[in-house]
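Remarks on the structure that follows.
There are 2 protein chains.
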Amino acid sequence: MTRIVDSLAALAQETRLKAYRLLVEAGPAGLAAGRIGEELALPPATLSFHLAHLARTGLVRSRQEGRFVIYSADFQNMNQLVGYLTENCCGGRSCAPSTKGARNETVSRARRSA
Amino acid sequence: MTRIVDSLAALAQETRLKAYRLLVEAGPAGLAAGRIGEELALPPATLSFHLAHLARTGLVRSRQEGRFVIYSADFQNMNQLVGYLTENCCGGRSCAPSTKGARNETVSRARRSA
DNA sequence: GCTACATTTCCATCATTCTGGAAATATGGA
DNA sequence: TCCATATTTCCAGAATGATGGAAATGTAGC
Chain A
23 MTRIVDSLAA
33 LAQETRLKAY
43 RLLVEAGPAG
53 LAAGRIGEEL
63 ALPPATLSFH
73 LAHLARTGLV
83 RSRQEGRFVI
93 YSADFQNMNQ
103 LVGYLTENCC
113 GGRSCAPSTK
123 GARNETVSRA
133 RRSA
Chain B
23 MTRIVDSLAA
33 LAQETRLKAY
43 RLLVEAGPAG
53 LAAGRIGEEL
63 ALPPATLSFH
73 LAHLARTGLV
83 RSRQEGRFVI
93 YSADFQNMNQ
103 LVGYLTENCC
113 GGRSCAPSTK
123 GARNETVSRA
133 RRSA
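As they're listed, the protein sequences go chains A and B. Okay, so the first sequence: first residue is 23 according to the working numbering, each after it adds one. Okay, so the second sequence: first residue is 23 according to the working numbering, each after it adds one.
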């Protein structure tokens, strides 16, 4: 669950979401860090900070290629994230008001008399 | 896009994600605020802060019912969020390395000579 | 080795978010 | 009206996150 929260937090920031979308668009070939910085007009330090954040959660991979560091989206991890949301947070249409567990009261057990 | 970032941020916090999942589990009937506070063992002020945060993004609705305020998940907004991720961030299997636009270079235009 | 470019790390600053006690604001029942 | 309960608002302190300049590190070609 920490993994999920971290991934959500990684995408819950405009700059990082934009960067991630660029990488999705770029596909497996990916993009050099500097290229992303160009597109988003970010100073190097800020860019590096955000890319590191995305990489730390696994949503993005990086590989060295000559003088460049190429970032690319990790679709498998993204699928896991979306899968989690669909299953646990009801993104799918199977949003049936689950019946598992005995938590079938709207208000508190202790205070229902109130 | 601000809407998306806000929704992601709302879920990118352990307490709120837990609260949201309780509400998904509870279905349209929802849960009284206090009931959620009980489950998560949160002091009232903290609980209220997080529920308000979720409500502000539209992921959750609230209705007054007697002395209780009942919160419930808004599945429509959640579906929109998951839909966005699937389409723009490639959660679906149609993760084909998009070909739109002329952004088909991995490194910078200006510096490709390097 | 030296130079040029790419990226990261270091560091300080600023901004936002989280937390929870205490008081205020409902709401319902006696 | 008065009391008990439910929830929110007010407020301040603590923690975490974002930003970016400057210096350090890495890599390639001469």
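Positions of the beta carbon are idealized from the N, C-alpha and C atoms, including for glycine. Everything numeric in this text was worked out from a predicted model, so none of it was measured.
Whole-angstrom distance between B:Leu62 and A:Gly80, CA atom to CA atom
29 Å
With DSSP as the reference, label B:Gly114 as helix, strand or coil.
Residue confidence is low: B:Gly114 scores 46 on pLDDT, short of 50, so the model does not pin down where it sits. Its coordinate-derived value is still stated next. Looking at B:Gly114 - three-state DSSP - the assignment turns out to be coil, as it is neither helix nor strand.
Could you please give me the residues that DSSP links to B:Phe90 through a beta bridge?
Partner(s): B:Glu87.
So, is the C-beta of B:Val46 closer than 9 Å to a C-beta in chain A?
yes
Measure the Cβ-Cβ separation of A:Ala67 and A:Tyr93 and say whether it is below 9 Å.
no
Tell me which same chain residues have a C-beta within less than 7 Å of the C-beta of B:Asp28, skipping the five on either side of it?
Thr79
DSSP three-state label for B:Leu39, please.
Note: B:Leu39 maps to helix in three-state DSSP.
Does the Cβ of B:Gly113 have 16 or more other Cβ atoms within 10 Å, making it buried, or fewer, making it exposed?
The pLDDT assigned to B:Gly113 is 46, lower than 50, so where the model puts this residue is not dependable; a value taken from the coordinates is nonetheless given after this. Counting Cβ neighbours within 10 Å, B:Gly113 comes out buried, since at least 16 surround it.
Is there a Cβ of chain B sitting closer than 9 Å to that of A:Leu73, yes or no?
no
Where does A:Ala54 sit, in a helix, a strand or coil, going by DSSP?
strand
Opposing strand residues paired with A:Val82 [DSSP bridges]
A:Ala95
Cβ contact (3+ pairs, closer than 8 Å) linking the segment 99-109 of chain B and the segment 34-54 of chain A
no
For A:Ile69, I'd like the list of residues in its chain whose CB is within less than 6 Å of its CB, leaving aside the five on either flank, ordered along the chain.
The sequence shown places Leu at residue 69 of chain A, rather than the Ile named in the question. The residues are Gly59.
On the DSSP letters alone, give me the boundaries of the alpha helix (DSSP H) that A:Val27 sits inside.
24-33
Expressed to the nearest angstrom, what Euclidean distance is found between the alpha-carbon atoms of A:Val46 and A:Ala54?
13 Å
Cutting at 6 Å between CB atoms, please list the residues of its own chain near B:Leu103, excluding the five before and the five after it.
Beyond the five residues adjoining it in sequence on each side, B:Leu103 comes within less than 6 Å, by CB distance, of Ser29 in the same chain, given in chain order.
Expressed to the nearest angstrom, what Euclidean distance is found between the alpha-carbon atoms of B:Val82 and B:Gly88?
When rounded, the distance between both Cα atoms is 19 Å.
My assumption, with CB atoms under 8 Å, is that A:Leu73 sits in contact with A:Ala95. Please give the rounded CB distance.
A Cβ-Cβ separation of about 12 Å leaves A:Leu73 out of contact with A:Ala95 under the 8 Å criterion.
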